[in-house]
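Taking the working numbering, the leading residue of the sequence shown gets 1, the next gets one more, and so forth.
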Amino acid sequence: MPLCTCGHNTIDIVEIAITKHLIQSLWIDKIDIKNKYAYTRELYLPYEFKLLLRGSRDGFAPKKSHELCDNIPRIVTFIKIKGTEEIIGGYNPLVWKSHKDGELGKTKDSFIFSFKSKNNLKYSVLSHVKDTNKALFYLNECGPAFNIMYGK
């Protein structure tokens, strides 16, 4: 599964621990983490994660994000907030694409997330799509944009 890590100059990218990949795979497959059999996911990880873009290596320009991540489905975006332990991001099951005037992506399967601390995943947050017609926003001038449909 591709990782398209994007952001701007106040954000730095972090290496993602296998535990976070495990949680992401549970969320992607809609497996209830509290289910007594969810632990079996630790025996295998059904996805291969591949780093497509790293801000500290490739830069944070939207053009670079589109160059490396457009037309690729099932992308997880991870962003580390500079000066904190927090990691935020989202999952897009559709392909990322560029659009001159802006276009909305429709899906019920995308989500955004936050890991407040690298050592305590107990406080991780998962937010699902509220309006499936406005799940994603595609625009040439910006990188991955999960639209305004997530919680208030």
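For glycine and all other residues, C-beta sits at the position ideal for the given N, C-alpha and C. Nothing here was measured: the structure is a model prediction, and the numbers come from that model.
Approximately 5 Å separates the beta-carbon atoms of T77 and G90; this is inside 8 Å, confirming the contact. C-alpha of T132 to C-alpha of I112: approximately 13 Å in a straight line. Looking only at C142, I72, L52 and S127, the smallest Cα-Cα distance to E103 is reached by C142.
Ranked by Cα distance from E67, the first of S127, K97 and Y123 is K97.
Sequence-distant Cβ neighbours of H128 in its own chain, meaning closer than 7 Å and more than five residues away, are F111. Excluding sequence positions up to five before and after H99, its CB lies within less than 7 Å of the CB of Y138, L139 and N140, all in the same chain and listed in chain order.
Closest option to A135, judged by alpha-carbon separation, among S124, V125 and D109: D109. In the DSSP annotation of this structure, H99 is not part of any beta strand (DSSP E), being labelled neither H nor E. Cβ atoms of L52 and C69 come within 8 Å of each other, at about 5 Å.
Taking L94 as the centre and dropping the five residues before and after it, the same chain places the C-beta of P73, G105, T107 and L136 closer than 7 Å to its C-beta, in chain order. Bounds of the alpha helix (DSSP H) holding G55 are G55 to D58.
In the DSSP secondary-structure assignment, L136 is bridged to G105 and F146.
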